[in-house]
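First up is the structure itself, then whatever we jot down about it.
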Amino acid sequence: MKHERGGFMKKWLQTQIQNRFIKSLWVLIAGAAVSNIVVLIMTPILTRIYKPEDFGVLSVFTALLYLSMIIVSMRYESALMLPKEEKDALPLLCISLFSVFIVSTLVCLILLILPIATWLNIESAEPYFWILAISLLFVGIYQALNIWALRLEKYSEISYAKLAMNGGQAGSQLGFGLIKFGVIGLLIGEVLGRVIGSIYYIWKFRKDIVHSFRNNPGILWQVMKRYKNFPLISSWSGLMYSLGTHLPTLFLAAYFDVVTAGYFFLAQKLLTVPENLLGYSASQVYFTQAAQIVRVGESINQYFWETIRKLFIISALSLIIIDFAAPYLFEMIFGPNWILSATFVQILSVMYLTKIVIAPLNGIFYIYEALLFQMAGECIRFGLIVLAIGISYVYAFTDIEALWCISLLTALGYIVCGVFAWIVISKSREPEMVLENG
């Protein structure tokens with residue numbers, strides 16, 4: 016009996032190792048693990064060099080960056096997986112990169128004109144807002160070429176680019192911190208990491224980039240019209256997704272103080288490690304392989320539920336370990352100024368569990384071009400986050416109470432988006448419905 020169980024386990028492990036999703040996922044996880052180890056090693060050092068309010072300013076900067084990056088390429092990069100032939104996808108790559116330059120320039124002008132720093136209670140950081148525009152330019156280039164690498168299934172290149180970006184950020188922030196640059200050292204270090212990651216991708220895909228810019232304007236215009244729903248519809252749902260994700264950071268800074276935003280930033284930074292290892296890596300693999308399954312006309316029902324089951328088991332175990340360890344390790348690792356962040360980690364883990372499991376399924380909306388379904392789901396999720404913030408404000412919640420409210424309602428919002436993804440799959444045999452809503 017024992018021998019039979021051992022044989023069964025060995026056979027099961029061999030099956031899992033040969034599974035295409037698992038193999039691809041492990042390549043990305045290995046690369047993400049190395050890059051996140053760099054982050055984990057550097058973070059305790061950075062928390063002793065920089066103050067919580069410095070990280071609070073950085074959290075507001077990154078929130079504004081992630082809000083802007085949703086529209087920086089007009090979402091055309093999300094369509095890169097759809098054309099069957101590579102030559103048909105090259106015009107989309109050109110359009111994506113060209114949009115990055117236009118939109119990042121416009122955002123730079125907006126940042127210089129509007130008193131955003133005053134609105135967010137970080138007036139001291141206003142002279143550095145030009146850094147945000149530069150970071151947006153390179154994050155736009157990075158995300159467009161990252162999707163291109165996914166299309167080509169260059170998973171090793173994706174891992175190396177991530178390592179280059181994270182290593183560049185951490186190393187730069189450490190260097191500037193040691194020479195007492197203060198908060199500007201955190202901001203410039205963040206930008207340099209984006210620059211390094213983007214340059215790596217540009218070098219690796221330089222031939223494809225050159226070929227993409229050789230398309231004549233007529234072809235580019237036809238492609239822009241063919242995929243017009245991505246900037247017209249998907250950009251809005253993406254903006255709502257990002258706004259909902261980063262609105263709590265802006266709320267905490269404006270309603271409480273920038274120090275609270277700093278505690279929140281560290282908690283998010285640590286929870287982003289399992290998110291990057293599992294959720295982000297799984298998103299990339301799922302998007303690539305689900306698109307291939309649909310292109311050949313096969314059903315992805317089983318693939319959908321297998322992905323949810325595997326991600327739930329792995330992420331739940333990871334977050335339980337983090338929750339138990341956080342109170343004991345935070346003061347020792349990050350210093351006495353950061354104990355409150357351990358409580359923030361425990362509260363936010365509910366939200367991150369659903370995010371890790373559900374977020375990879377977002378690719379369904381792009382694959383079937385069911386973008387109105389995506390917008391409907393994001394509208395509900397965004398509404399739940401706004402409701403959480405509104406409740407926290409009206410009832411004068413403490414920062415802990417406000418975080419619990421935000422975490423639980425945001426988790427519910429992710430579940431709603433997952434339900435909408437399943438509805439799209441269930442209706443995928445009715446092409447008229449998908450096209451009408453795309």
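Read in order, the letters of the sequence shown correspond to residues 16 to 453 in the working numbering.
Cβ atoms here follow ideal geometry from the backbone N, Cα and C, with glycine treated the same way.
Closest Cα partner of Ser373 within the set Val210, Ser249, Thr322 and Lys177: For the purposes of this step, residue 373 is taken as the residue at position 358 of the sequence shown. Residue identity check: residue 373 is Ile in the sequence provided, not Ser. Residue Thr322 is the option with its Cα nearest to Ile373.
Element boundaries [alpha helix (DSSP H), containing Glu68]: What you label residue 68 is simply residue 53 of the sequence shown in a count that begins at 1. Glu68 -> alpha helix (DSSP H) spans Pro67 to Met84.
Alpha carbon of Leu368 to alpha carbon of Tyr410, nearest angstrom: Here residue 368 refers to the residue found at position 353 when the sequence shown is read from its first residue. Here residue 410 refers to the residue found at position 395 when the sequence shown is read from its first residue. Taking the straight line joining both Cα atoms gives about 27 Å.
Of the residues Leu418, Leu55 and Ser250, the one placed nearest Phe380, counting alpha carbons only: The residue given as residue 380 occupies position 365 in the sequence shown. Checking every option, the nearest Cα to that of Phe380 belongs to Ser250.
Closest by C-alpha distance to Ser407, when choosing among Ile149, Phe266, Gln304 and Gly233: Residue mapping note: residue 407 aligns to position 392 of the sequence shown, counting from 1. Among Ile149, Phe266, Gln304 and Gly233, the Cα nearest to that of Ser407 belongs to Phe266.
Neighbour-count burial assignment, Ile415, 16 or more Cβ in a 10 Å radius: On the sequence shown, residue 415 is found 400 positions in, with the first residue counted as 1. So Ile415 counts as exposed.
For Val75 and Ser257, the rounded distance between their alpha carbons: Residue 257 sits at position 242 when you count from the first residue of the sequence shown. Residue 75 sits at position 60 when you count from the first residue of the sequence shown. In a straight line, the C-alpha of Ser257 is about 13 Å away from that of Val75.
Ala411: first and last residue of the uninterrupted alpha helix (DSSP H) it sits in: Stepping through the sequence shown from its first residue, residue 411 is reached at position 396. No alpha helix (DSSP H) holds Ala411; DSSP gives it neither H nor E.
Cβ neighbour criterion (16 or more within 10 Å) applied to Ile110: Residue numbering aside, residue 110 sits at position 95 when the sequence shown is read from its first letter. With 16 or more Cβ atoms within 10 Å of its Cβ, Ile110 is classed as buried.
Trp353 vs Thr62 beta-carbon contact at 8 Å: The residue given as residue 353 occupies position 338 in the sequence shown. The residue given as residue 62 occupies position 47 in the sequence shown. It is a contact, given that the beta carbons lie within the stated cut-off.
Of the residues Leu189, Val274, Val49 and Tyr175, the one placed nearest Asp69, counting alpha carbons only: In the sequence shown, counting from the first residue as 1, residue 69 sits at position 54. Checking every option, the nearest Cα to that of Asp69 belongs to Val274.
Complete runs of the alpha helix (DSSP H) confined to the segment 125 to 174 [at least 4 residues]: 131 to 134 and 144 to 166
Distance CB(Val154)-CB(Met84) smaller than 8 Å: Residue numbering aside, residue 154 sits at position 139 when the sequence shown is read from its first letter. Residue numbering aside, residue 84 sits at position 69 when the sequence shown is read from its first letter. It is a contact, given that the beta carbons lie within the stated cut-off.
Own chain, CB closer than 6 Å to Ala159, minus 5 neighbours either side, in chain order: The residue labelled residue 159 in the question sits at position 144 within the sequence shown. Correct list, in chain order: Ser88, Glu92, Ser111 and Leu112.
Buried or exposed (CB count within 10 angstroms, at least 16 for buried), Gln237: Start at 1 with the first residue of the sequence shown, and residue 237 comes out as number 222. That one is exposed.
Backbone secondary structure at Glu445 - three-state DSSP: Position 430 of the sequence shown, counted from the start, is the residue given in the question as residue 445. Low local confidence applies: a pLDDT of 45 at Glu445 is under 50, so the model's placement there is unreliable, with the coordinate-based value given in what follows. Glu445: coil per DSSP, three-state reduction.
C-beta atoms of Ser356 and Pro289 nearer than 8 Å: By 1-based counting over the sequence shown, the position of residue 356 is 341. By 1-based counting over the sequence shown, the position of residue 289 is 274. The answer is no: Cβ separation not under 8 Å.
Cβ-Cβ separation, Asn181 to Val53 (assumed contact under 8 Å), whole Å: Residue numbering aside, residue 53 sits at position 38 when the sequence shown is read from its first letter. Residue numbering aside, residue 181 sits at position 166 when the sequence shown is read from its first letter. Contact flag correct, Cβ pair sits at about 5 Å.
Touch test, the segment 201 to 218 against the segment 181 to 191, Cβ-Cβ under 8 Å, three pairs minimum: yes
Segment limits, alpha helix (DSSP H) that includes Asn316: Looking up residue 316 in the sequence shown gives position 301. Run containing Asn316: Asn316 to Phe349, per the alpha helix (DSSP H) assignment.
Ser227 vs Leu97 beta-carbon contact at 8 Å: Mapped onto the sequence shown, residue 227 falls at position 212. Mapped onto the sequence shown, residue 97 falls at position 82. Their beta carbons are not under 8 Å apart, which means Ser227 does not touch Leu97 by this criterion.
Neighbourhood of Ile127 by C-beta distance below 8 Å, restricted to the same chain and skipping five residues each side: Position 112 of the sequence shown holds residue 127. Checking the sequence shown, residue 127 turns out to be Leu, not Ile. Taken in chain order, the residues that qualify are Phe144 and Trp145.
Cβ neighbour criterion (16 or more within 10 Å) applied to Phe116: Within the sequence shown, the letter at position 101 stands for residue 116. Looking at its Cβ environment, which holds fewer than 16 other Cβ atoms inside 10 Å, Phe116 is exposed.
As assigned by DSSP and simplified to three states, the class of Tyr91: Working through the sequence shown from its first residue, we reach residue 91 at position 76. Residue state, collapsed to three classes: helix.
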